[in-house]
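Notes follow once the structure below has been shown.
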């Protein structure tokens with residue numbers, strides 16, 4: 230069974246540009262989460278989807294970040310326009326049930342120059 | 002909101018020795034405490050977890066202890082091996098809505114020296 234897959238693995242963009250990260254959760258997992266780790270610090274929660282609905286987006290830093298999960302399958306996280314402080318590793322995780330184990334993807338490293 | 006502090010940030014041990022990583026949390030409502038291992042180039046992987054109604058849990062060479070009164074929990078790895086080298090994260094959450102919004106510690110880079 231395929232795990233959580235994320236694309237791209239690494240993206241380098243200039244300040245002001247746009248980047249879209251994609252996450253494909255484990256098949257059948259209704260719960261999808263985005264987290265990020267900035268500058269070697271703690272991994273921070275960004276938001277949580279149940280199917281296509283946003284359940285909690287309290288961790289989204291500002292309105293430059295837009296997450297979608299059309300059809301309740303894969304999810305995208307768009308950063309527009311990117312700023313230097315957005316650099317970090319963005320992790321996607323999924324779980325079958327709300328209280329179930331989280332399975333993380335390998336992350337998408339974003340570098341904003 | 003919840004705040005989780007993790008120590009040490011780096012830890013080097015000789016193969017065969019034990020390693021201990023400690024975390025403290027601030028929200029007394031937290032009742033689920035997982036530990037994740039992140040190997041180079043991979044995502045975090047759950048290695049063990051403990052719920053607040055249990056004081057200790059063990060799985061082979063890995064054990065976790067929880068002190069609810071002091072609000073701290075620890076990861077113990079015995080008989081360390083080179084493949085235990087990785088970044089370890091502790092985390093905490095409470096079952097509000099039973100969702101897995103985790104608050105993570107800042108991570109511990111464990112190096113096991115052969």
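Protein chains in written order, with our numbering: chain A, 230 to 342; chain B, 2 to 115. Glycine included, C-beta positions come from ideal geometry on N, C-alpha and C. Owing to the predicted nature of the structure, the values given are computational and were not obtained by experimental measurement.
Okay, do the segment 302-317 of chain A and the segment 250-262 of chain A touch, 3+ Cβ pairs below 8 angstroms being the bar?
yes
Name, in chain order, the residues that DSSP records as bridge partners for residue 31 (chain B).
The residue given as residue 31 (chain B) occupies position 30 in the second chain. Residue 31 (chain B) pairs with nothing; no bridge assigned.
Let me know the secondary structure DSSP gives residue 339 (chain A) once reduced to three states.
For the purposes of this step, residue 339 (chain A) is taken as the residue at position 110 of the first chain. Correct three-state label for residue 339 (chain A): strand.
Please classify residue 60 (chain B): does DSSP put it in a helix, a strand, or coil?
Along the second chain, read from residue 1 onward, the residue named residue 60 (chain B) stands at position 59. Assigned with DSSP and collapsed to three states, residue 60 (chain B) falls in strand.
Output the distance between the C-alpha atoms of residue 316 (chain A) and residue 291 (chain A), rounded to the nearest integer angstrom.
For the purposes of this step, residue 316 (chain A) is taken as the residue at position 87 of the first chain. For the purposes of this step, residue 291 (chain A) is taken as the residue at position 62 of the first chain. So the alpha carbons of these two residues sit roughly 14 angstroms apart.
Can you give me the start and stop residues for the beta strand (DSSP E) that residue 322 (chain A) sits inside?
Reading the first chain from its first residue, position 93 is the one you call residue 322 (chain A). First-last of the beta strand (DSSP E) with residue 322 (chain A): 317-324.
Under 8 angstroms, with one C-beta from each stretch per pair, do the segment 72-82 of chain B and the segment 17-24 of chain B reach the 3-pair mark?
yes
Please compile the residues from chain A whose C-beta is within a distance smaller than 7 angstroms of the C-beta of residue 90 (chain B).
Position 89 of the second chain, counted from the start, is the residue given in the question as residue 90 (chain B). The contacting residues are 272.
Residues of chain A with CB closer than 8 angstroms to the CB of residue 27 (chain B), please, in chain order.
Looking up residue 27 (chain B) in the second chain gives position 26. Within chain A, no residue comes near residue 27 (chain B); the closest Cβ sits about 13 angstroms away, beyond 8 angstroms.
Which residue's Cα is closest to the Cα of residue 2 (chain B): B:95, B:107, B:115 and B:109?
Taking the second chain and counting its residues from 1, the one referred to as residue 2 (chain B) is at position 1. Each of B:95, B:107, B:115 and B:109 was checked against the Cα of residue 2 (chain B), and the nearest Cα belongs to B:95.
Which residues in the same chain have their Cβ closer than 6 angstroms to the Cβ of residue 289 (chain A), if we skip the five residues on either side of it in sequence?
For the purposes of this step, residue 289 (chain A) is taken as residue 60 along the first chain, with counting starting at 1. Only 275 and 276 meet the Cβ criterion.
From the DSSP output, read off the bridge partner residues of residue 266 (chain A).
Working through the first chain from its first residue, we reach residue 266 (chain A) at position 37. Residue 266 (chain A) is bridged to A:272 and A:318.
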